[in-house]
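A.B. asks: I'd like to ask you about the structure that follows.
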């Protein structure tokens with residue numbers, strides 16, 4: 217980015233963040249005074265002075281911030297719309313999300329605003345806030361791994377997600393996050409994750425559904441994968457599947473989907489999320505909490521000796537029993553269970569959906585994959601963890 221371009225970006229960002237709301241609010245105030253009958257509304261000199269000092273402070277702060285950003289690698293290309301505060305960007309995000317066209321929104325922003333040096337990173341000042349959008353692999357690596365400590369969730373994220381995920385590993389920072397990690401990490405040891413029987417049972421239920429009800433009928437594989445992962449996750453975590461593959465209208469499955477949908481809408485709405493209707497959201501949360509709470513109560517009724525016995529045995533073991541052996545705090549158990557349910561469902565379902573989409577376009581890869589499965593696993597036995605390695 218040239219020095220001139222950088223100066224232009226700084227000016228535009230200042231306008232987006234400060235001047236636009238000032239003109240809007242000032243115009244509204246002026247109109248109110250005129251409507252009240254004051255033909256020539258005036259502002260006291262003292263108020264003018266305070267406003268001038270306020271804006272001088274904002275300008276200096278903005279200049280210092282630009283210097284800091286320049287030292288860290290400069291700004292990403294800016295995404296701008298013709299609307300004040302870039303509100304069009306928020307409305308586009310909400311509209312395309314409601315139509316299941318998220319990819320179109322992301323790709324459209326990168327394609328129209330990115331440059332050859334940063335094709336998958338753009339930023340925008342939206343309703344006075346700087347937001348960076350990125351799909352760059354190095355940025356993702358830094359956020360999730362190499363510079364993880366620099367990218368905390370923060371109090372705002374925690375406040376927005378607390379009703380759904382509470383103080384779980386996905387909403388906390390620092391010591392709270394470390395405590396969650398220490399609680400969950402032992403439950404994903406190799407000999408537990410390598411027990412594929414739970415998942416195999418649900419795979420066998422799902423496979424016939426790929427055929428469809430009629431010859432040549434299109435099948436929504438993403439829907440099947442979301443139901444499959446929910447069934448497998450609830451079975452592994454709670455010890456009982458919700459069986460959404462058999463009954464797609466199961467109350468818990470519907471409630472979980474509604475809560476996720478509204479929560480995602482609120483996340484995209486940003487500062488405008490207060491306008492999002494939340495009646496269905498809280499109704500869904502009540503169903504979710506009641507469902508998970510039933511299993512938590514049953515686990516807490518077991519004495520510590522029984523929990524330890526079940527944890528060390530393959531018979532009757534569940535993720536919940538293992539957690540209850542470490543903590544008897546009902547709220548902690550609820551928050552961590554819901555977080556793991558969310559992770560176990562969505563990430564796996566999306567990955568499987570995308571995998572099958574790509575495989576459908578590359579039949580030569582499918583042939584190679586089938587050959588490897590036949591050679592290393594065979595067609596008459598269930599794959600093991602060692603086979604997958």
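In this note's numbering, the protein residues as written are 217 to 605.
Cβ coordinates follow ideal geometry from the N, Cα and C atoms, glycine included.
1) Would you call the CB atoms of residue 509 and residue 544 closer than 8 Å?
2) In chain order, which continuous runs of the alpha helix (DSSP H) of length 4 or greater are located wholly inside the stretch 341–422?
3) Label residue 302 either buried or exposed according to how many other C-beta atoms from any shown protein chain fall within 10 Å of its C-beta, with 16 as the threshold for buried.
4) Taking a contact to mean a Cβ-Cβ separation below 8 Å, would you say residue 574 touches residue 486 in this structure?
5) My guess is that residue 381 and residue 559 are in contact by the Cβ rule of under 8 Å, so how many angstroms apart are they, rounded?
6) In angstroms, rounded to a whole number, what distance separates the CA positions of residue 388 and residue 375?
7) Indicate whether residue 442 and residue 414 have their beta-carbon atoms separated by less than 8 Å.
8) Using DSSP bridges, identify the partner residues of residue 294.
9) Just tell me which of 310, 282, 564, 297 has its CA closest to the CA of residue 438.
10) Is the distance from the Cβ of residue 421 to the Cβ of residue 461 below 8 Å?
11) Going by other Cβ atoms of all chains shown within 10 Å of its Cβ, with 16 needed for buried, is residue 354 buried or exposed?
12) Using a Cβ-Cβ cutoff of less than 6 Å, which residues in the same chain neighbour residue 478 once the five nearest sequence positions on both sides are dropped?
13) By the three-class DSSP mapping on this structure, what secondary structure does residue 462 have?
14) By the 10 Å Cβ neighbour count, where 16 or more other Cβ atoms means buried, how is residue 339 classified, buried or exposed?
15) Exposed or buried, residue 390, counting other C-beta atoms within 10 Å across all chains shown (16 or more means buried)?
16) Looking at the structure shown, is residue 545 part of a helix, part of a strand, or coil, going by DSSP?
17) Under the assumption that residue 458 contacts residue 450 (Cβ atoms under 8 Å), give the Cβ distance between them as a whole number of angstroms.
18) Please classify residue 457: does DSSP put it in a helix, a strand, or coil?
19) What's the C-alpha gap between residue 324 and residue 305?
20) Residues in its own chain within less than 8 Å of residue 285 by CB, not counting five upstream and five downstream?
21) Do you know offhand how far residue 383's Cα is from residue 567's?
22) Just tell me which of 600, 520, 500, 480 has its CA closest to the CA of residue 562.
23) Does residue 333 come out as helix, strand or coil in the three-state DSSP assignment?
24) Taking the Cβ atom as the reference point for each residue, do residue 482 and residue 476 lie within a distance shorter than 8 Å?
25) So, residue 536 versus residue 604, is the Cβ gap smaller than 8 Å?
C.D. replies: According to the data block:
1) Within the chain shown, numbered from 1, the residue matching residue 509 stands at position 293. Within the chain shown, numbered from 1, the residue matching residue 544 stands at position 328. At least 8 Å separates the beta-carbon of residue 509 from that of residue 544.
2) Taking only runs of at least 4 residues, the alpha helix (DSSP H) segments lying wholly in the stretch 341–422 are 353–357, 370–381, 390–400, 406–409, 413–422.
3) Taking the chain shown and counting its residues from 1, the one referred to as residue 302 is at position 86. Result: buried.
4) For this step, residue 574 is matched to residue 358 along the chain shown. For this step, residue 486 is matched to residue 270 along the chain shown. No, Cβ-Cβ distance for residue 574 and residue 486 is not below 8 Å.
5) Here the question's residue 381 lines up with position 165 in the chain shown. Here the question's residue 559 lines up with position 343 in the chain shown. Incorrect: roughly 10 Å between the Cβ atoms, too far for contact.
6) Here residue 388 is taken as the residue at index 172 of the chain shown, counted from 1. Here residue 375 is taken as the residue at index 159 of the chain shown, counted from 1. If you take the alpha carbons of residue 388 and residue 375, they lie about 10 Å apart.
7) Counting from 1 along the chain shown, the entry for residue 442 is found at position 226. Counting from 1 along the chain shown, the entry for residue 414 is found at position 198. Their beta carbons are not under 8 Å apart, which means residue 442 does not touch residue 414 by this criterion.
8) Residue numbering aside, residue 294 sits at position 78 when the chain shown is read from its first letter. 339, per the DSSP bridge assignment.
9) Start at 1 with the first residue of the chain shown, and residue 438 comes out as number 222. Cα-wise, what sits closest to residue 438 is 564.
10) Within the chain shown, residue 421 is the residue found at index 205, counting from 1. Within the chain shown, residue 461 is the residue found at index 245, counting from 1. Yes, the Cβ-Cβ distance between residue 421 and residue 461 is below 8 Å.
11) Start at 1 with the first residue of the chain shown, and residue 354 comes out as number 138. Answer is exposed; the Cβ neighbour count stays below 16.
12) For the purposes of this step, residue 478 is taken as residue 262 along the chain shown, with counting starting at 1. Scanning its chain for C-beta atoms nearer than 6 Å, with the 5 sequence neighbours on each side dropped, one finds around residue 478 the residues 497, in chain order.
13) Here residue 462 is taken as the residue at index 246 of the chain shown, counted from 1. Reduced to three states, the DSSP call for residue 462 is coil.
14) The count along the chain shown starts at 1 and reaches residue 339 at position 123. Classification for residue 339: buried.
15) Translated into positions along the chain shown, residue 390 becomes position 174. With fewer than 16 other Cβ atoms from the protein chains shown falling within 10 Å of its own Cβ, residue 390 counts as exposed.
16) Residue 545 sits at position 329 when you count from the first residue of the chain shown. In the structure shown, residue 545 sits in coil (DSSP, three-state: anything other than H, G, I, E or B).
17) Taking the chain shown and counting its residues from 1, the one referred to as residue 458 is at position 242. Taking the chain shown and counting its residues from 1, the one referred to as residue 450 is at position 234. Contact flag correct, Cβ pair sits at about 5 Å.
18) To locate residue 457, count along the chain shown from 1; it is residue 241. Residue 457: coil per DSSP, three-state reduction.
19) For this step, residue 324 is matched to residue 108 along the chain shown. For this step, residue 305 is matched to residue 89 along the chain shown. C-alpha separation (whole angstroms): 11 Å.
20) To locate residue 285, count along the chain shown from 1; it is residue 69. The beta carbon of residue 285 is closer than 8 Å to those of 291 in its chain, skipping five residues each way along the sequence.
21) The sequence position of residue 383 within the chain shown is 167, counting from 1. The sequence position of residue 567 within the chain shown is 351, counting from 1. Going from the Cα of residue 383 to the Cα of residue 567 covers about 26 Å.
22) Reading the chain shown from its first residue, position 346 is the one you call residue 562. Cα-wise, what sits closest to residue 562 is 480.
23) The residue you call residue 333 lines up with position 117 of the chain shown. Three-state result, residue 333: coil.
24) The residue given as residue 482 occupies position 266 in the chain shown. The residue given as residue 476 occupies position 260 in the chain shown. No.
25) Working through the chain shown from its first residue, we reach residue 536 at position 320. Working through the chain shown from its first residue, we reach residue 604 at position 388. In this structure, residue 604 does not lie closer than 8 Å to residue 536 by Cβ.
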